[in-house]
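These notes concern the structure reproduced below.
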Amino acid sequence: MEKSRSFTKQTRMFLIITIIVIIIGVDSAWNSYIVHKNKAASKNWPVTTGEVTETKITMIPDEDGTDYLPMITYHYYVSGVEYFCKNGIHIRGFRDEAEKDLSLFPIGTKIQVSYNPNSPQVCVTDYYGELVPYFACLIPTGVILFFYTFGRLLGKIKE
Numbered sequence: 064m065e066k067s068r069s070f071t072k073q074t075r076m077f078l079i080i081t082i083i084v085i086i087i088g089v090d091s092a093w094n095s096y097i098v099h100k101n102k103a104a105s106k107n108w109p110v111t112t113g114e115v116t117e118t119k120i121t122m123i124p125d126e127d128g129t130d131y132l133p134m135i136t137y138h139y140y141v142s143g144v145e146y147f148c149k150n151g152i153h154i155r156g157f158r159d160e161a162e163k164d165l166s167l168f169p170i171g172t173k174i175q176v177s178y179n180p181n182s183p184q185v186c187v188t189d190y191y192g193e194l195v196p197y198f199a200c201l202i203p204t205g206v207i208l209f210f211y212t213f214g215r216l217l218g219k220i221k222e
């Protein structure tokens with residue numbers, strides 16, 4: 064009886080992890096789709112000058128170690144209203160590559176910002192990186208984990 068209860072706790076935990084992986088994958092894929100859609104639409108958007116206000120490197124752990132995402136935060140004005148945006152540039156395998164990317168954007172650097180005229184807080188720069196290849200893979204991984212867990216549950220029920 065104790066073995067069965069332990070199996071149930073383990074299976075529940077596995078299912079919870081599976082659901083989390085699927086949610087993160089779907090959320091990341093959706094966000095990447097929005098970025099791609101905005102980037103395509105931005106070709107027809109007005110352009111203004113923005114100014115870099117902050118730079119930082121975000122660490123992204125993966126199975127091969129850690130990747131690094133250089134992030135720039137900048138502000139720009141539309142009709143006298145100040146807006147802030149944050150963009151990842153490109154994922155890098157080494158911290159020194161990410162630092163080199165950020166060295167191109169010291170605080171105060173002027174950059175061109177395309178913004179949605181109907182929603183000026185939505186903006187795109189030429190430096191906008193996309194995370195599709197890294198996070199979209201979580202969707203099939205989560206689905207595989209789900210079916211594995213479901214199969215384990217069916218195997219236990221038949222016993």
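Position one of the sequence shown corresponds to residue 64 (our numbering), numbered consecutively onward.
Where a beta carbon is used, it is the ideal one built from N, C-alpha and C, also for glycine.
From which residue to which residue does the beta strand (DSSP E) around ASP164 run?
Position 101 of the sequence shown, counting from 1, holds the residue named residue 164. It is not in any beta strand (DSSP E) - ASP164 instead sits in the alpha helix (DSSP H) that spans 158–166.
Bridge partners for ILE174 per DSSP, in chain order?
To locate residue 174, count along the sequence shown from 1; it is residue 111. ILE174 pairs with GLY113.
Find out if the Cβ-Cβ distance for the pair THR188, ASN150 is shorter than 9 Å.
On the sequence shown, position 125 is the one that residue 188 refers to. On the sequence shown, position 87 is the one that residue 150 refers to. For THR188 and ASN150, yes; Cβs fall inside 9 Å.
For THR121, does the count of other Cβ atoms within 10 angstroms reach 16, so buried, or fall short, so exposed?
Looking up residue 121 in the sequence shown gives position 58. That one is exposed.
Do you know offhand how far GLY88's Cα is from PRO203's?
Within the sequence shown, residue 88 is the residue found at index 25, counting from 1. Within the sequence shown, residue 203 is the residue found at index 140, counting from 1. GLY88 and PRO203 have their C-alpha atoms roughly 8 Å apart.
Where LEU167 and GLU114 are concerned, what is the direct C-alpha to C-alpha distance, given to the nearest angstrom?
Taking the sequence shown and counting its residues from 1, one reaches residue 167 at position 104. Taking the sequence shown and counting its residues from 1, one reaches residue 114 at position 51. Rounded to the nearest angstrom, the gap between the Cα atoms of LEU167 and GLU114 is 13 Å.
Taking DSSP's pairing of strands, which residues face THR118 in a bridge?
As a working note, residue 118 is residue 55 in the sequence shown. Answer is ILE135, bridged to THR118.
Under a three-way DSSP split, which group does ASN181 fall into?
In the sequence shown, the residue the question calls residue 181 occupies position 118. Correct three-state label for ASN181: coil.
What three-state label does DSSP hand LEU208 in the structure shown?
As a first step, residue 208 is located in the sequence shown; it is residue number 145 there, counting from the start. Here LEU208 sits in helix by DSSP.
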